[in-house]
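Worksheet for the structure shown next.
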Amino acid sequence: RKEVEQDPGPFNVPEGATVAFNCTYSNSASQSFFWYRQDCRKEPKLLMSVYSSGNEDGRFTAQLNRASQYISLLIRDSKLSDSATYLCVVNGGNYQLIWGAGTKLIIKP
Amino acid sequence: EPEVTQTPSHQVTQMGQEVILRCVPISNHLYFYWYRQILGQKVEFLVSFYNNEISEKSEIFDDQFSVERPDGSNFTLKIRSTKLEDSAMYFCASSDAGGTGVSPLHFGNGTRLTVT
Numbered sequence: 143r144k145e146v147e148q149d150p151g152p153f154n155v156p157e158g159a160t161v162a163f164n165c166t167y168s169n170s171a172s173q174s175f176f177w178y179r180q181d182c183r184k185e186p187k188l189l190m191s192v193y194s195s196g197n198e199d200g201r202f203t204a205q206l207n208r209a210s211q212y213i214s215l216l217i218r219d220s221k222l223s224d225s226a227t228y229l230c231v232v233n234g235g236n237y238q239l240i241w242g243a244g245t246k247l248i249i250k251p
Numbered sequence: 002e003p004e005v006t007q008t009p010s011h012q013v014t015q016m017g018q019e020v021i022l023r024c025v026p027i028s029n030h031l032y033f034y035w036y037r038q039i040l041g042q043k044v045e046f047l048v049s050f051y052n053n054e055i056s057e058k059s060e061i062f063d064d065q066f067s068v069e070r071p072d073g074s075n076f077t078l079k080i081r082s083t084k085l086e087d088s089a090m091y092f093c094a095s096s097d098a099g100g101t102g103v104s105p106l107h108f109g110n111g112t113r114l115t116v117t
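Top line first, the protein sequences correspond to chains A and S.
Quick note on the numbering used here: the first sequence kicks off at 143 and runs consecutively.
Quick note on the numbering used here: the second sequence kicks off at 2 and runs consecutively.
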């Protein structure tokens with residue numbers, strides 16, 4: 143089983159729709175979880191950290207399910223500018239962060 | 002907002018040549034990283050650096066790679082004898098708490114290395 147696994151997509155979603163994707167992780171000792179966004183040929187940028195209680199930032203909601211070892215990202219009222227690859231990042235219990243391969247999201251007008 | 006800066010933005014080199022990629026982390030950060038991303042593939046961890054020494058490195062970071070913090074601001078990645086498969090985007094990142102949950106990573110814009 144891969145350490146961090148994501149559906150590569152692409153998810154093709156009409157503008158204004160709600161989209162959600164999950165990321166599973168294998169290390170039950172992981173304590174830190176993040177969603178990064180990466181535009182084509184650009185650096186990853188932090189979208190949000192994921193807290194145990196779940197957290198929301200505007201149209202974005204992140205949740206953690208420790209029992210099933212996955213995190214999720216929900217985007218409401220999607221915009222064309224949300225088109226990007228969304229990277230799930232999990233710490234492996236040490237300094238090293240384990241990166242998922244990313245989920246590609248395409249928002250269509 | 003403070004930024005991580007990387008130079009050059011694009012480096013073209015011939016196979017077998019040495020390259021040095023430069024990064025200026027955010028000034029109050031203590032943990033520094035190099036990642037790479039081959040076109041179309043996932044972000045791969047290379048090395049982490051703290052307190053003037055390597056704290057962790059991946060299998061990719063073999064003897065051809067080295068890192069240095071020559072002064073209080075720069076953090077460099079050297080590839081001694083480049084291979085074609087070293088062609089990738091190299092990202093520098095820094096954080097103030099080891100990226101273990103207190104503080105995530107802040108990335109530079111990357112250096113695109115093309116080995117011909």
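Cβ coordinates follow ideal geometry from the N, Cα and C atoms, glycine included.
Run of the beta strand (DSSP E) containing residue i, from where it starts to where it stops
| i | result |
| --- | --- |
| Pro156 (chain A) | Phe153 to Pro156 |
| Leu189 (chain A) | Lys187 to Ser191 |
| Asp97 (chain S) | It is not in any beta strand (DSSP E) - Asp97 (chain S) carries neither H nor E in the DSSP assignment. |
| Glu57 (chain S) | Glu54 to Lys58 |
Under 9 Å between C-beta atoms of residue i and residue j
| i | j | result |
| --- | --- | --- |
| Trp177 (chain A) | Val192 (chain A) | yes |
| Phe153 (chain A) | Phe163 (chain A) | yes |
| Arg23 (chain S) | Gln38 (chain S) | no |
| Val13 (chain S) | Trp35 (chain S) | no |
| Ser56 (chain S) | Phe50 (chain S) | yes |
| Ile27 (chain S) | Val44 (chain S) | no |
| Gly73 (chain S) | Phe92 (chain S) | no |
| Cys165 (chain A) | Thr245 (chain A) | yes |
Own chain partners of residue i with C-beta closer than 6 Å, once the 5 adjacent residues on each side are dropped
| i | result |
| --- | --- |
| Val103 (chain S) | Since pLDDT at Val103 (chain S) reaches only 49, below the 50 mark, its modelled position is unreliable, and the value read off the structure follows with that caveat. Within the same chain, Val103 (chain S) has no close Cβ partners at all. |
| Glu2 (chain S) | none |
| Leu239 (chain A) | Val231 and Asn233 |
| Leu78 (chain S) | Leu22, Trp35 and Val68 |
| Arg81 (chain S) | Glu19 and Gln65 |
Cβ neighbours of residue i in the same chain (closer than 8 Å, five flanking residues each side left out)
| i | result |
| --- | --- |
| Ser225 (chain A) | Leu247, Ile248 and Ile249 |
Exposure of residue i, with buried meaning 16 or more beta-carbon neighbours within 10 Å
| i | result |
| --- | --- |
| Pro251 (chain A) | exposed |
| Glu54 (chain S) | exposed |
| Glu185 (chain A) | buried |
Neighbourhood of residue i by C-beta, 7 Å cutoff - its chain only, sequence neighbours within 5 removed
| i | result |
| --- | --- |
| His30 (chain S) | Ser95, Ser96 and Asp97 |
| Gly158 (chain A) | Asp219 and Ser220 |
> Residues in the stretch 160-189 of chain A with C-beta within 9 Å of chain S's C-beta atoms, listed in sequence order?
Replying inline: Gln173, Ser174, Phe175, Phe176, Tyr178, Gln180, Arg183, Lys184, Glu185, Pro186, Lys187 and Leu188
>> Along the stretch 203-215 of chain A, where does the CB come closer than 7 Å to a CB of chain S? Name the residues.
In response: none
>> At a CB distance below 9 Å, what residues from the stretch 3-33 of chain S approach chain A? Give them in sequence order.
In response: Val5, Gln7 and Tyr32
> Using a beta-carbon distance cut-off of less than 9 Å, what residues from the stretch 34-49 of chain S approach chain A?
Replying inline: Tyr34, Tyr36, Gln38, Leu40, Gln42, Lys43, Val44, Glu45, Phe46 and Ser49
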